[in-house]
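Before any comments, here is the structure.
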Amino acid sequence: MPTRSIAAAASLLAAALTATAALAQAPAAAPPPLFAVCQSCHESTAGAGPSVGPNLFGVGGRKAGSSEGFDYSDAMKGSTIVWSADTLTAFITDPNKTIPGNKMDYSGGDPATAKQIADYLMTLKP
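Residue numbers for the sequence shown follow this note's numbering, beginning at 26 and rising by one.
Next up, the structure:
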């Protein structure tokens, strides 16, 4: 392979790696306005410990009741739910119906707002 081709290939590879790294570090979407209610009890940044509630960073795809360092209710620890946009929407809409016996002190919200919050939470990934 001629030297020019090697240099061109190396430049393309470097550009692709730089673009991939930039995408991986792209900030999450802006939180919906009512997410401030969640933030009164939950952290939502990488590396932050639990607060009154567990850290919500990386909640998408995680089994309910499994975040390190938080003292979950037996109901939450025993749940078989894996958090997705749909399961988060259901939980935010009616926590006690979704996981009876959980200890989140929130009575629920309207499904449209719950979906906005759930969709936002799904963007909070490492």
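Ideal Cβ positions, reconstructed from N, Cα and C, are used throughout, including at glycine.
Apply the 10 Å Cβ neighbour rule to residue i and answer buried if 16 or more other Cβ atoms are within range, or exposed otherwise.
i: T118; result: buried
i: A115; result: buried
i: P79; result: buried
i: S104; result: buried
i: S132; result: exposed
i: L48; result: Any reading at L48 must be qualified, since the residue scores a pLDDT of 44, below 50, and its modelled position is unreliable; the value itself is stated next. L48 should be labelled exposed.
i: A232; result: Shown here, the chain extends from 26 to 151; a query on residue 232 therefore has no answer.
With DSSP as the reference, label residue i as helix, strand or coil.
i: K88; result: strand
i: P151; result: coil
i: V62; result: helix
Tell whether a beta-carbon distance below 9 Å holds between residue i and residue j.
i: G72; j: K150; result: no
i: L146; j: L113; result: yes
i: A89; j: W108; result: yes
i: V77; j: S92; result: no
Whole angstroms is fine: what's the gap from residue i's alpha carbon to residue j's?
i: G134; j: F95; result: 24 Å
i: P137; j: P56; result: The sequence shown places Ala at residue 137, rather than the Pro named in the question. Each residue's Cα considered, the two are about 14 Å apart.
i: D99; j: N121; result: 13 Å
i: G174; j: V62; result: Residue coverage of the chain in this structure runs from 26 to 151, which leaves residue 174 outside it and unanswerable.
i: I124; j: M101; result: 7 Å
i: R87; j: H67; result: 16 Å
i: N110; j: S69; result: Contrary to the premise, residue 110 reads as Ala rather than Asn in this sequence. Their backbone Cα atoms lie some 16 Å apart in a straight line.
i: I142; j: L81; result: 11 Å
i: Y97; j: K128; result: 8 Å
i: A41; j: D130; result: Reliability fails at A41, whose pLDDT of 46 lies under 50, so the model's placement of it is uncertain and no value is given.
What are the start and end residues of the alpha helix (DSSP H) that includes residue i?
i: A100; result: D99 to G103
i: K128; result: Premise fails: K128 is in no alpha helix (DSSP H) and is neither H nor E.
i: P79; result: Neither: P79 is in no alpha helix (DSSP H) and is coded neither H nor E.
i: F116; result: A110 to T118
Please check if any C-beta of chain B sits within less than 9 Å of the C-beta of residue i.
i: T105; result: No chain B is part of this structure, which consists of one protein chain only.
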